[in-house]
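Protein chains: 2
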Amino acid sequence: MTDTPETHTDRKLPPTKRSIPIALIRAREKVMGPIRDMLADTGITEQQWRILRVLEEFGPLDASTLADRACLLLPSQTRIVQTLSEKGLVTRNADDRDRRKQTVAITEAGKSIIYDNLEEAEAIVAHMEKVIGREKLNQLLDILEDFQNL
Amino acid sequence: MTDTPETHTDRKLPPTKRSIPIALIRAREKVMGPIRDMLADTGITEQQWRILRVLEEFGPLDASTLADRACLLLPSQTRIVQTLSEKGLVTRNADDRDRRKQTVAITEAGKSIIYDNLEEAEAIVAHMEKVIGREKLNQLLDILEDFQNL
DNA sequence: TCAATATATTTAACATAGCAAATATTGTGT
DNA sequence: ACACAATATTTGCTATGTTAAATATATTGA
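Right, here's the structure in full:
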């Protein structure tokens with residue numbers, strides 16, 4: 003009895019169809035579609051929107067906290083905040099106690115962008131709840147939270 | 003009775019904490035952490051990995067189909083495939099019937115990269131199943147599929 | 001006090017995302 | 001055959017993702 007030499011073509015791969023990373027990307031693309039359409043009219047990007055949105059919800063934040071809540075890496079955020087600052091939508095100031103820290107705050111102009119599009123944003127969420135169901139969406143959010151334990 | 007003029011500061015925003023787009027990003031970041039560590043050693047990126055992975059599963063594909071299955075935009079894919087081609091991990095050939103189409107195929111060198119890291123990849127999935135539970139992961143995949151109906 | 005460390009943020013460099021326009025090839029009607 | 005519309009892919013441009021290195025300020029211990 004001779005052993006057949008094992009080549010990698012013999013080994014089986016798990017299917018990409020039920021891959022968590024890919025499924026997450028796919029869903030995200032679908033979700034972002036209408037949101038991007040909305041943002042296209044406002045002249046700001048998805049990430050810039052997240053920063054404004056977080057600042058409006060939590061008030062002025064230091065860079066690290068802001069990056070965490072807006073799901074951005076610090077280097078990206080640095081550039082985005084600079085752009086937003088040039089547009090007059092946020093301000094940046096060094097903290098008095100710790101001058102390494104930068105405190106970012108939203109301006110009135112920044113708030114206007116959010117509230118001018120609030121209804122449309124709510125409509126997008128409403129549509130998602132209608133198609134998928136509020137039940138499942140909450141279930142989804144719960145499961146997604148579990149990933150923070152990885 | 004005088005009406006107080008309504009300013010946008012009076013209106014309430016839904017919390018970002020339970021935002022689907024943000025939750026999807028957060029989960030994705032966590033999932034990709036260990037995967038990126040793995041890929042760092044192989045010298046290829048996450049997207050390059052997806053392309054190799056899809057080509058190995060489905061065989062040679064035209065650009066459009068590949069982009070769809072690997073969740074990449076065509077312009078991005080064009081450039082990624084070019085780098086993969088320069089690395090000798092894939093080949094590119096014009097279709098004989100329709101010379102507009104480009105058929106992309108994985109090479110032996112490309113396959114090796116996948117199979118050399120197969121065990122580690124499986125270990126990452128196993129860990130995810132252990133922490134979150136296979137039940138919830140399947141539930142998650144089911145719900146994420148619903149998003150394609152948006 | 002002062003050098004060594006640690007922390008917060010930014011810069012640099014390269015890869016990808018996303019959109020619009022250009023290119024190449026095919027199909028269609030006349 | 002030929003103008004014209006449709007399809008498949010690539011290019012160009014700007015913005016962001018990602019990692020490593022640089023910068024600036026704070027903190028700590030001898």
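Quick mapping for you: the protein sequence lines, in order, are chains A and B. Numbers in the working numbering are just positions in the first sequence, counted from 1, shifted up by 2. Numbers in the working numbering are just positions in the second sequence, counted from 1, shifted up by 2. Ideal Cβ placement from N, Cα and C applies to all residues, glycine included.
Classify residue 135 of chain A as buried or exposed, calling it buried when 16 or more other Cβ atoms lie within 10 Å of its own Cβ. Taking all protein chains in view, the Cβ of residue 135 of chain A is surrounded by fewer than 16 other Cβ atoms within 10 Å, so the residue is classified as exposed.
Within-8 Å CB hit, residue 86 of chain A to chain B: For residue 86 of chain A, not one C-beta of chain B is nearer than 8 Å to its own C-beta.
Return no unless some Cβ of chain A is closer than 8 Å to the Cβ of residue 141 of chain B. Judged by the 8 Å Cβ criterion, residue 141 of chain B is in contact with chain A.
Residue 47 of chain A to residue 142 of chain B, Cα distance in whole Å? Between the C-alpha atoms of residue 47 of chain A and residue 142 of chain B there is a straight-line separation of about 28 Å.
C-alpha gap between residue 28 of chain A and residue 151 of chain A, whole angstroms: Taking the straight line joining both Cα atoms gives about 23 Å.
By Cβ distance below 8 Å, which residues in the same chain neighbour residue 52 of chain B in space, the five residues on each side in sequence not counted? Residues 72, 73, 74 of the same chain have their beta carbon placed closer than 8 Å to that of residue 52 of chain B, with the five preceding and five following residues left out of the count.
Nearest chain A C-beta to residue 69 of chain B closer than 8 Å, yes or no? With its beta carbon at least 8 Å from every one in chain A, residue 69 of chain B lies outside the interface.
So that I know if they touch, is there some Cβ in chain A lying closer than 8 Å to that of residue 138 of chain B? Among the residues facing chain A, residue 138 of chain B is included, as its CB has a counterpart in that chain under 8 Å away.
In three-state DSSP terms, what is residue 94 of chain A? DSSP, reduced to helix, strand and coil, places residue 94 of chain A within a strand of the structure shown.
Under 8 Å, do residue 89 of chain A and residue 96 of chain A count as touching if we go by C-beta distance? Cβ atoms of residue 89 of chain A and residue 96 of chain A: not closer than 8 Å.
Which bits of chain B does residue 151 of chain A rub up against, with CB to CB less than 7 Å? Neighbours of residue 151 of chain A across chain B, judged by C-beta separation under 7 Å: 133.
Burial state of residue 56 of chain B, where buried means 16 or more other Cβ atoms lie within 10 Å: Around the beta carbon of residue 56 of chain B, 16 or more other beta carbons lie within 10 angstroms, which makes this residue buried.
What number of angstroms, rounded off, separates the C-alpha of residue 62 of chain B from the C-alpha of residue 22 of chain B? Straight across, the Cα-Cα distance linking residue 62 of chain B with residue 22 of chain B is about 35 Å.
According to a CB-to-CB cut-off of less than 8 Å, which residues of the segment 18-34 of chain B neighbour chain A? Those would be 18, 20, 22, 23, 24, 25, 26, 27, 28, 29, 30, 31, 32, 33, 34, in chain order.
Taking only the alpha-carbon atoms, compute the straight-line gap between residue 45 of chain B and residue 112 of chain B and give it to the nearest angstrom. Going by C-alpha positions, residue 45 of chain B is about 12 Å away from residue 112 of chain B.
What number of angstroms, rounded off, separates the C-alpha of residue 128 of chain B from the C-alpha of residue 24 of chain B? Answer to the nearest angstrom: the Cα atoms are 25 Å apart.
Under 8 Å between beta-carbons, which chain A residues line up against residue 130 of chain B? List them in chain order, please. Under the 8 Å cutoff, chain A gives 22, 152.
So with Cβ pairs under 8 Å, would you call residue 82 of chain A a contact of chain B? No - not a single Cβ of chain B is within 8 Å of the one on residue 82 of chain A.
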